[in-house]
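Since the structure comes first, as structure tokens, the remarks are kept for the end.
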Amino acid sequence: MRNPDPQPGEIQQATEQATAAEASGSSGDSDGGGGGVGVVVFTVVLAGVAAAVYFSRDEGVRPPDQPNAVGSRPGFRDIARESGLDFHMGFLSSESGTTFKINLYDHGCGVSVADYDGDGHEDVFFLNQLGSNALYRNRGDGTFEDVTEKVGVGLADRVCVGGTFADVDNDGDQDLFVASTRGGNVFYENQGGGVLKDVTKAAGLEHVGHSQTAIFFDYDNDGLLDLYVVHTADWTLDEINPTSKTFVGKGGDGFDAVIQSAKEYNILYRNNGDGTFTDITKKVGLEGRGWSSDVAVFDFDDDGDQDVLVTCMFGRAQLFRNDDGKFVDVTLETLGRTSWGGMGVKVFDAHNDSQLDILVVDMHSDMWMGLDLDHGSLKLATDSEKKKFRSIFGPMKQQDNNLVKTEERWADTLSFSHGEVLFGNAFYRATGKGTFEELSEQVGLETLWPWGISVGDFDNDGHQDVFLASGMGFPFYYWPNYLMLNNGDGTFSDHAEARGIEPPVQGHSHKEQIQNRDSVRSSRCAAAADFDGDGRLEIITNNFNDIPYYFKNEFDEKNSYLALRLQGTRSNRDAIGAQVKVRIGEETMMRLVQSAGGYLSQPSRTVHFGIGKHEQVDRVEIRWPSGIRQVIENPVINRLHKVVEPDQPAAEKPAAGQ
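Taking the working numbering, I'd label the letters of the sequence shown as residues 97 to 754.
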């Protein structure tokens, strides 16, 4: 017999208890504040759990993070409109708009950065849920022109989710894979000069399912990029919406209908080297657990091959160690507990110790807080912002027996154990012994409602920073994006308001209301690149039911940089998987050449180092995927260098431009 679900009055009681109770046994502190704001309250059903949710008027937003404010120094400025980026992500009104349902249609669509036409400038590709995708060609100065129709990648007949560019055939141009929700995935071969041809069937990449995103990497080190496509579950019905011509999503009766969906598993396609691919997933052991959201590929054990970390929307993540082309799940002994509701994942050196750390952001653990206006509302969220909880239901659970039973039922349905998961973000610092220590609260990276991650040294001070695309949108209240600048010691502080990320230039809400209520803005994913060639990284987002943000970098610190664009010869031509270290005196910084990742996102593959006030770099050390190691002495700074993989196993060559 099913356990009874809690009723609205019980949620209110649980929330009242939570306001007076300590959220968790963690040591993280919160800023508090924000009570007494003007909000409109109504009820939506989450898996039979009636939870009060809110959307804001402009005054009903999270208060600024005053302890981290740094004054009025310039940083970023949103120039999406004036740059020519007039894309608008459409949403399905009957799913995530006027009739809000709990399903994956509210997860949004992706953004990808690549030089699709080979002119040396980074272009932008936006995926769309309702309507055409959009490809924008960079004119060379950070402004853009829409070339979607000319290139033919609109795919307006299906729901597109994530897009990934890569030079699959090592011919010097960027091919494109597009993942779709039940509309069929598409693979384009670049014919040269930015002419893309649909070769999905000929390549053996026809698949129809609930595909999420894709990443290219060379799993067997044969110099050819293989394709890994992650999937969620069968969360749609066979019914077609007559207006949008899309499949109706489950979730009208709550979360239970969604989580009971049959799981779909990930697919690894091996590149055969002749324009075709072969599904080898079961042979190598990369099916995953279902409900996959994002993937990071990196050599965590430093043995020369690429390992795979897959985040899970509902359940624990999986870290797969690559053992000669076979993948073994080593999550529990390597990472320990992982985020229960993980979305984006990024791997980067946060401490300049040449060790790769891992950040996973957890959206779904933050969704189930029943917020009640009379018992804290927005204040409950701000009080909870920097804390983990012991339960899916966050501060609501406490002593509520019905919520305990609901969580037990969900755990059984989704096959997770409390001993394997945590409820919140996870930042794993590498110990140097092949294991990791989870420190998200200690380093300041525990946040609320995060989706996507973009990493880069945005102020060029020599330390990598983090941008978190955040917020829910209608029918919830406004929640800001985060700009987490590295304090120089691997801890982070939010500078979103001080540095121009927040508030949105268009305001917190769209001009058009929904159901006579404000519809607030929210971001889903973000990618970083130097679009105007000035040595500073810009940030571009894809926003839910909205135009993008394009944050032009105007930091005025006059810090220097070094950028490298790698071209493989023995390795894959894109050099995906290469490790690059910069040494300045006793200090070492490390960057990776990555394919995609961070949640429905593909950033620039140009390797970018901020070097602060240093006037020179002593040396650059590159470990190519082939195993070849290259050393470049004293490269010229404040310049983008093209570096070609040498033929010899070891080389010391000057960088281009010297």
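From the three backbone atoms N, C-alpha and C, an ideal C-beta is built for every residue, glycine too.
Contact check, residue i vs residue j, beta carbons under 9 Å
{"i": "Glu516", "j": "Leu455", "result": "no"}
{"i": "Glu650", "j": "Arg632", "result": "yes"}
{"i": "Leu696", "j": "Val209", "result": "no"}
{"i": "Thr260", "j": "Ser691", "result": "yes"}
{"i": "Val326", "j": "Gln308", "result": "yes"}
{"i": "Arg385", "j": "Lys346", "result": "no"}
{"i": "Ala446", "j": "Leu544", "result": "no"}
{"i": "Phe313", "j": "Val393", "result": "yes"}
{"i": "Phe273", "j": "Leu320", "result": "no"}
{"i": "Gly381", "j": "Lys422", "result": "yes"}
{"i": "Arg173", "j": "Phe647", "result": "yes"}
{"i": "His460", "j": "Phe512", "result": "no"}
{"i": "Val249", "j": "Leu226", "result": "no"}
{"i": "Asp403", "j": "Asp390", "result": "no"}
{"i": "Gly58", "j": "Gly693", "result": "The structure shown has nothing for residue 58, since the chain only spans 97 to 754."}
{"i": "Glu711", "j": "Ser656", "result": "yes"}
{"i": "Asp553", "j": "His737", "result": "no"}
{"i": "Leu518", "j": "Glu534", "result": "yes"}
{"i": "Asp316", "j": "Glu285", "result": "no"}
{"i": "Gly400", "j": "Ile198", "result": "no"}
{"i": "Tyr574", "j": "Gly584", "result": "no"}
{"i": "Gln451", "j": "Met685", "result": "no"}
Between the CA atoms of residue j and residue i - distance to the nearest angstrom
{"i": "Asn281", "j": "Asp652", "result": "43 Å"}
{"i": "Thr509", "j": "Val354", "result": "11 Å"}
{"i": "Glu481", "j": "Asp267", "result": "47 Å"}
{"i": "Arg278", "j": "Ile488", "result": "29 Å"}
{"i": "Pro571", "j": "Arg617", "result": "10 Å"}
{"i": "Pro546", "j": "Gly437", "result": "11 Å"}
{"i": "Val443", "j": "Ser179", "result": "30 Å"}
{"i": "Ser228", "j": "Asp215", "result": "24 Å"}
{"i": "Val739", "j": "Asp449", "result": "24 Å"}
{"i": "Glu729", "j": "Val716", "result": "6 Å"}
{"i": "Gly520", "j": "Lys484", "result": "5 Å"}
{"i": "Gly528", "j": "Asp242", "result": "46 Å"}
{"i": "Arg661", "j": "Thr332", "result": "42 Å"}
{"i": "Pro742", "j": "Arg725", "result": "9 Å"}
{"i": "Ser589", "j": "Val539", "result": "9 Å"}
{"i": "Val406", "j": "Asp213", "result": "31 Å"}
{"i": "Val678", "j": "Ala298", "result": "42 Å"}
{"i": "Gly708", "j": "Gly548", "result": "27 Å"}
{"i": "Asn734", "j": "Ala507", "result": "52 Å"}
{"i": "Gly288", "j": "His514", "result": "51 Å"}
{"i": "His217", "j": "Phe240", "result": "11 Å"}
{"i": "Val689", "j": "Asp670", "result": "8 Å"}
{"i": "Val676", "j": "Ser615", "result": "44 Å"}
{"i": "Asp479", "j": "Gly432", "result": "27 Å"}
For residue i, three-class secondary structure by DSSP
{"i": "Trp331", "result": "coil"}
{"i": "Phe351", "result": "helix"}
{"i": "Tyr201", "result": "helix"}
{"i": "Met568", "result": "coil"}
{"i": "Val539", "result": "helix"}
{"i": "Trp506", "result": "helix"}
{"i": "Asn497", "result": "helix"}
{"i": "Leu476", "result": "helix"}
{"i": "His737", "result": "strand"}
{"i": "His559", "result": "coil"}
{"i": "Thr684", "result": "strand"}
{"i": "Thr377", "result": "helix"}
{"i": "Glu634", "result": "strand"}
{"i": "Ala659", "result": "strand"}
{"i": "His306", "result": "strand"}
{"i": "Met185", "result": "coil"}
{"i": "Thr427", "result": "helix"}
Residue i: CB within 8 Å of a non-hydrogen atom of the ligand MN
{"i": "Ala623", "result": "Absence of the ligand MN is noted for the structure shown, with no ligands found whatsoever."}
Cβ separation of residue i and residue j, assumed to be a contact under 8 Å, to the nearest whole Å
{"i": "Val291", "j": "Ala623", "result": "That belief does not hold up - the Cβ atoms of Val291 and Ala623 are roughly 24 Å apart, past 8 Å."}
{"i": "Ile610", "j": "Thr194", "result": "6 Å"}
{"i": "Ala413", "j": "Thr430", "result": "Contact doesn't hold; Cβ gap of about 11 Å is too wide."}
{"i": "Gly673", "j": "Pro721", "result": "4 Å"}
{"i": "Ser550", "j": "Ile680", "result": "Contact doesn't hold; Cβ gap of about 25 Å is too wide."}
{"i": "Asp202", "j": "Asp211", "result": "Actually they are not in contact, since the Cβ atoms of Asp202 and Asp211 sit about 32 Å apart, beyond 8 Å."}
**Request:** Indicate whether the contact test is met: 3 or more Cβ pairs, each with one atom in the segment 591 to 605 and one in the segment 496 to 509, closer than 8 Å.
**Result:** The segment 591 to 605 vs the segment 496 to 509: no contact.
**Asked** Is it true that the segment 337 to 345 meets the segment 373 to 385, where meeting means three or more beta-carbon pairs spaced less than 8 Å apart?
**Response** Result no; under three Cβ-Cβ pairs closer than 8 Å.
**Item:** Touching by the beta-carbon criterion (3+ pairs, under 8 Å), the segment 570 to 586 and the segment 219 to 238
**Value:** Contact fails: fewer than three Cβ-Cβ distances are below 8 Å.
**Asked** How about the segment 172 to 188 and the segment 635 to 642: do they share at least three Cβ pairs that are nearer than 8 Å?
**Response** Contact between the segment 172 to 188 and the segment 635 to 642 is present, with at least three C-beta pairs closer than 8 Å.
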